[in-house]
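Asker: Protein chains in written order, with our numbering: chain A, 1 to 267; chain B, 268 to 545; chain C, 546 to 830.
(1) For the candidate residues B:543, B:529, B:460 and B:481, whose alpha-carbon lies nearest to that of residue 301 of chain B?
(2) Is residue 615 of chain C closer than 8 Å to residue 546 of chain C when the C-beta atoms are compared?
(3) Apart from the five residues just before and just after residue 859 of chain C, which ones in its own chain have a Cβ nearer than 8 Å to its Cβ?
(4) Can you name, in chain order, every residue of its own chain whose Cβ lies under 6 Å from the Cβ of residue 650 of chain C, other than the five neighbours on each side?
(5) For residue 412 of chain B, which residues in chain C fall below 7 Å Cβ to Cβ?
(6) DSSP on residue 644 of chain C, reduced to helix/strand/coil?
(7) May I ask you to report which of helix, strand or coil DSSP gives residue 1 of chain A?
(8) Counting only beta-carbon atoms, is residue 214 of chain A nearer than 8 Å to chain C?
(9) Under 8 Å between C-beta atoms, does residue 359 of chain B make it to chain A?
(10) When we look at the beta-carbon of residue 516 of chain B and count the other beta-carbons within 10 Å, is it buried (16 or more) or exposed?
(11) What residues of chain A sit near residue 641 of chain C, judged by a beta carbon separation below 9 Å?
(12) Can you give me the Cβ contacts of residue 414 of chain B inside the same chain, cut-off strictly under 7 Å, excluding the 5 residues immediately before and after it?
(13) In or out: residue 467 of chain B buried (at least 16 other Cβ within 10 Å) or exposed?
(14) With distances taken from CA atoms, which of B:303, B:333, B:402 and B:355 is nearest residue 492 of chain B?
(15) Are the CB atoms of residue 119 of chain A and residue 35 of chain A within a distance shorter than 8 Å?
(16) Quick one: list the residues of chain B neighbouring residue 238 of chain A, beta-carbon separation under 9 Å, in chain order.
(17) What first and last residue would you give for the alpha helix (DSSP H) that runs through residue 251 of chain A?
(18) Assuming residue 511 of chain B and residue 504 of chain B are in contact, meaning their beta carbons sit under 8 Å apart, how far apart are those beta carbons, in whole angstroms?
(19) Here's the rule I'm using: 16 or more other beta-carbon atoms within 10 Å means buried, otherwise exposed. How should residue 231 of chain A be labelled?
(20) What does the alpha-carbon distance come out to for the pair residue 561 of chain C and residue 164 of chain A?
(21) Would a check of beta-carbon distances place residue 740 of chain C closer than 8 Å to chain A?
(22) Going by beta-carbon coordinates alone, are residue 221 of chain A and residue 362 of chain B separated by less than 8 Å?
(23) Look at the Cβ atom of residue 638 of chain C, then the Cβ atom of residue 725 of chain C, and state whether they are nearer than 8 Å.
(24) With a threshold of 16 other CB atoms inside 10 Å of the CB of residue 283 of chain B, please say whether the residue is buried or exposed.
(25) Which residues mark the beginning and the end of the beta strand (DSSP E) in which residue 749 of chain C is found?
(26) Kindly indicate which three-state DSSP category residue 48 of chain A falls into: helix, strand or coil?
(27) List the residues of chain A whose Cβ lies closer than 8 Å to the Cβ of residue 445 of chain B, in chain order.
(28) Helix, strand or coil, according to DSSP, for residue 529 of chain B in the structure here?
(29) With distances taken Cα to Cα, identify the nearest neighbour of residue 573 of chain C among C:617, C:767, C:808 and C:809.
(30) Got a sec: which bits of the stretch 525-538 of chain B sit with their beta carbon under 8 Å from any beta carbon on chain C, in order along the chain?
(31) Suppose contacts are defined by Cβ-Cβ distances below 8 Å. Is residue 480 of chain B in contact with residue 474 of chain B by that definition?
(32) Given that residue 513 of chain B touches chain C, what residues does it touch there, using C-beta distances under 7 Å?
(33) For residue 347 of chain B and residue 396 of chain B, what's the separation of their Cα atoms in angstroms?
(34) Beta-carbon separation of residue 805 of chain C and residue 543 of chain B under 8 Å?
(35) So who's on the other strand from residue 347 of chain B, going by DSSP bridges?
(36) Just the C-alpha distance for residue 3 of chain A and residue 269 of chain B, rounded to the nearest angstrom, thanks.
Structure representation (structure tokens):
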């Protein structure tokens, strides 16, 4: 019994959840730009307030979003430490032999760390509030204009859809094969790397064969259901921008404007 | 009315992995009439799956021809029309569902032929209702039971607008409950919506529910008829690796021992009646 | 010599929203030489039960043991004990992996650390049991075989481990009636010759009635009935139907005949007996 939820979709029905996926992808990109514009304490303060505001609107538990920082925590701490310890600058706060902590270095380190944390949190809000399927639709729709220059938008989206559909099935299958070979005394834990790799064959070979058989079956089933690529296809769920989407875009541009103002002043 | 499916001298020859010529189908002549419920039975490797794939132009005849709704499968222009009119359901419920949400999967076929969004929604809803799966429209397919997955696959063909559904061993991988679900669904669609059903199976109990049974052996039609006619041929079925129902076997044995029992007994009740009226 | 479950409960994904109690306080003993059928609808817990029996899953509560050795243990003894229980999964042909039938069947015996000669003997023996001619098939790729042959090669891979207890999960799934009978003929030959225990999960009442000497009916993670198939089918039809099971055709036929006034004994569990009885009543030879 395996039940994996793909990605990290957190079901809900908030304003953010209901936004068009294209809006969410594009505003996420805009907000990322905003993060890169920030260079003052006030700017970062404004961004933090914004992230808290979005989380509040989305109804996601704050700790859940914060956890998305965890995988990169090491890099964040390292960034902070490197900038702080190796920093250049006049105002030395603390010094021990050749290691010195300067105010400028510390400031840069904190900025960098904040930047990473904000980026992770903003992009995780996107994946928390958008199911992978809807996300795929959004990506396909956004890539569609680029078909003229040869971007296979439909094919990419179809691949993602099928992957989403089959990953749970193949996980179950892997589990079953591992059990079957274990029951025949297979040992997947001992030995050096080479031995271990060789011991994986009794799992990998059946898994590949099964994946190919499934792919073959699926191709025939798709053909039987009149699939012939993206040409002339319609979609049941048409994406449509609503009033909320306009508000989201206005919000994102206001944030960019604000951060640009804080950085350059009135031009 | 013209037959829904008609084959004339349908022969299918292929080259196997060891470079041998294999005749999977050798001159099949058959007709399936509108509204019929036809079961095709036969041992593994008797050619019944190959035959099914010809009904949908997934395979093309080496010799002879197949007409579906009067359209020759060899004509390339007919391809999509044929596949639209004749839906297919395959054996493995896991390998024919494309999308990660039930209703999206049902919509897959009609999306491919360019049905406009509004009509599409209606079609998907109707199709899911017809197979009694409407309440699962937003579920993930991998969490459904085998029988439910197969009903989603059936809904997929209905949404495409098919008036003939070919099912290739749809219950082989299901448990008894799932098997009943599928058979009942198909009988209901056949009765209420006059869908023509071609039902390939190796469960004789399922074939007994059909209007007509075709028995395949080594790429040929061995014999065919009503379930009564077919399942009375107890010893012939056995030599083909198939099995007659118990009541038919009993009737056969009792006849051999000299009992006067009428022909065509295949159910327990019929046998009981025949024995009590003596 | 026996395998034992003592107050076994098993919970999937404990502590998550997907938590599901699949087995509830099950106690069971199966002796060497028994042929046990396990029936129950999908999701009743029968697959979880057999996986606990052979140590692939370890009980959340209670213990599973073989001759007193806890199967959940990490000791050499526990590993050895697990090695004495063979398991043929559903669609076992999907686990074939080696380049030749020989290599695939030899996989288990090699994992047991046997010498080349012994492995050789085991493979030959196992292939013979499942009716695959050694000369013809040993050096062929398992993937070039027919469906029924692949199934038999996969079963041979488990038989070659010389298990004292053999668990089969729906060995006949997806086969036509002819191949089904062939697979069972081999299983019965193995059972009779080696005197091992066979535990078979099945959806088919006919198979349970025809082959097993003992039957476990599982529902909602508990054992509803444990006894001789004939007795359960005769006496518990109502309850069986309630838990989504059925009785074999011969019981239904006997009932239909009785309903039409044919006087038949009440304990008919076998088609041959029923036929003989009907003939006798009707004065036929």
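Beta carbons: idealized from backbone N, C-alpha and C, even for Gly. All figures in this text were calculated on a predicted structure; none of them were measured in a lab.
Answerer: Here's the rundown:
(1) The residue you call residue 301 of chain B lines up with position 34 of the second chain. Of the residues B:543, B:529, B:460 and B:481, the one whose Cα lies closest to the Cα of residue 301 of chain B is B:460.
(2) The count along the third chain starts at 1 and reaches residue 546 of chain C at position 1. The count along the third chain starts at 1 and reaches residue 615 of chain C at position 70. Going by C-beta atoms, residue 546 of chain C is not nearer than 8 Å to residue 615 of chain C.
(3) Nothing about residue 859 of chain C can be read from this structure; chain C reaches only from 546 to 830.
(4) For the purposes of this step, residue 650 of chain C is taken as the residue at position 105 of the third chain. 668, 671, 701, 702 and 705.
(5) Working through the second chain from its first residue, we reach residue 412 of chain B at position 145. Neighbours of residue 412 of chain B on chain C, chain order: 587.
(6) Here residue 644 of chain C refers to the residue found at position 99 of the third chain. DSSP places residue 644 of chain C in coil when its eight states are reduced to three.
(7) Along the first chain, read from residue 1 onward, the residue named residue 1 of chain A stands at position 1. Residue confidence is low: residue 1 of chain A scores 31 on pLDDT, short of 50, so the model does not pin down where it sits. Its coordinate-derived value is still stated next. Of the three classes helix, strand and coil, the one that applies to residue 1 of chain A here is coil, per DSSP.
(8) Numbered from 1 along the first chain, position 214 holds the residue referred to as residue 214 of chain A. No - not a single Cβ of chain C is within 8 Å of the one on residue 214 of chain A.
(9) Position 92 of the second chain, counted from the start, is the residue given in the question as residue 359 of chain B. Closer than 8 Å to some Cβ of chain A, the Cβ of residue 359 of chain B qualifies, so yes.
(10) Locating residue 516 of chain B in the second chain gives position 249, where the first residue counts as 1. So residue 516 of chain B ends up on the buried side.
(11) Looking up residue 641 of chain C in the third chain gives position 96. What residue 641 of chain C touches in chain A: 205, 206 and 209.
(12) Here the question's residue 414 of chain B lines up with position 147 in the second chain. Counting only Cβ-Cβ distances below 7 Å, and skipping sequence neighbours, we find 441, 444, 445, 448 and 449.
(13) As a first step, residue 467 of chain B is located in the second chain; it is residue number 200 there, counting from the start. Residue burial is scored here from C-beta neighbours: residue 467 of chain B has at least 16 other C-beta atoms within 10 angstroms and is therefore classed as buried.
(14) Stepping through the second chain from its first residue, residue 492 of chain B is reached at position 225. The shortest C-alpha separation from residue 492 of chain B is found at B:303.
(15) On the first chain, residue 35 of chain A is found 35 positions in, with the first residue counted as 1. On the first chain, residue 119 of chain A is found 119 positions in, with the first residue counted as 1. Cβ atoms of residue 35 of chain A and residue 119 of chain A: closer than 8 Å.
(16) The sequence position of residue 238 of chain A within the first chain is 238, counting from 1. Chain-order list of chain B residues neighbouring residue 238 of chain A: 384, by C-beta distance under 9 Å.
(17) Numbered from 1 along the first chain, position 251 holds the residue referred to as residue 251 of chain A. That run of the alpha helix (DSSP H) goes 243-264.
(18) For the purposes of this step, residue 511 of chain B is taken as the residue at position 244 of the second chain. For the purposes of this step, residue 504 of chain B is taken as the residue at position 237 of the second chain. Contact between residue 511 of chain B and residue 504 of chain B holds: CB atoms are separated by about 5 Å, below the 8 Å threshold.
(19) Translated into the one-based positions of the first chain, residue 231 of chain A becomes position 231. Counting Cβ neighbours within 10 Å, residue 231 of chain A comes out exposed, since fewer than 16 surround it.
(20) Translated into positions along the third chain, residue 561 of chain C becomes position 16. Translated into positions along the first chain, residue 164 of chain A becomes position 164. About 22 Å.
(21) If you number the third chain from 1, residue 740 of chain C lands on position 195. No, residue 740 of chain C does not count as interfacial toward chain A.
(22) Taking the first residue of the first chain as position 1, residue 221 of chain A is located at position 221. Taking the first residue of the second chain as position 1, residue 362 of chain B is located at position 95. Cβ atoms of residue 221 of chain A and residue 362 of chain B: closer than 8 Å.
(23) For the purposes of this step, residue 638 of chain C is taken as residue 93 along the third chain, with counting starting at 1. For the purposes of this step, residue 725 of chain C is taken as residue 180 along the third chain, with counting starting at 1. No, they are not a contact pair.
(24) Indexing the second chain from 1 puts residue 283 of chain B at position 16. The residue in question, residue 283 of chain B, is exposed, as its Cβ has fewer than 16 Cβ neighbours within 10 Å.
(25) Numbered from 1 along the third chain, position 204 holds the residue referred to as residue 749 of chain C. No beta strand (DSSP E) holds residue 749 of chain C; DSSP gives it neither H nor E.
(26) Here residue 48 of chain A is taken as the residue at index 48 of the first chain, counted from 1. For residue 48 of chain A, the three-state secondary structure derived from DSSP is helix.
(27) As a position in the second chain, residue 445 of chain B is number 178, starting the count at 1. The contacting residues do not exist; residue 445 of chain B stays about 17 Å from chain A at best.
(28) For the purposes of this step, residue 529 of chain B is identified with residue 262 of the second chain, where counting begins at 1. In this structure, DSSP gives residue 529 of chain B a state outside helix and strand, which the three-state scheme calls coil.
(29) Indexing the third chain from 1 puts residue 573 of chain C at position 28. Among C:617, C:767, C:808 and C:809, the Cα nearest to that of residue 573 of chain C belongs to C:767.
(30) Those residues of the stretch 525-538 of chain B placed with their C-beta closer than 8 Å to a C-beta in chain C are 525, 526, 535, 536 and 538, ordered along the chain.
(31) In the second chain, residue 480 of chain B corresponds to position 213, counting from 1. In the second chain, residue 474 of chain B corresponds to position 207, counting from 1. The Cβ atoms of residue 480 of chain B and residue 474 of chain B lie closer than 8 Å to each other.
(32) Within the second chain, numbered from 1, the residue matching residue 513 of chain B stands at position 246. Correct list: 794, 795, 798 and 816.
(33) On the second chain, position 80 is the one that residue 347 of chain B refers to. On the second chain, position 129 is the one that residue 396 of chain B refers to. If you draw a straight line from the Cα of residue 347 of chain B to the Cα of residue 396 of chain B, it comes to about 25 Å.
(34) Along the third chain, one-based indexing puts residue 805 of chain C at 260. Along the second chain, one-based indexing puts residue 543 of chain B at 276. Yes. Within cutoff.
(35) Residue numbering aside, residue 347 of chain B sits at position 80 when the second chain is read from its first letter. Per DSSP, none; premise fails for residue 347 of chain B.
(36) For the purposes of this step, residue 3 of chain A is taken as residue 3 along the first chain, with counting starting at 1. For the purposes of this step, residue 269 of chain B is taken as residue 2 along the second chain, with counting starting at 1. In this prediction, residue 3 of chain A scores a pLDDT of 37, lower than 50, which makes its location untrustworthy; the coordinate-derived value is nonetheless stated afterwards. Roughly 49 Å between the two C-alpha positions.
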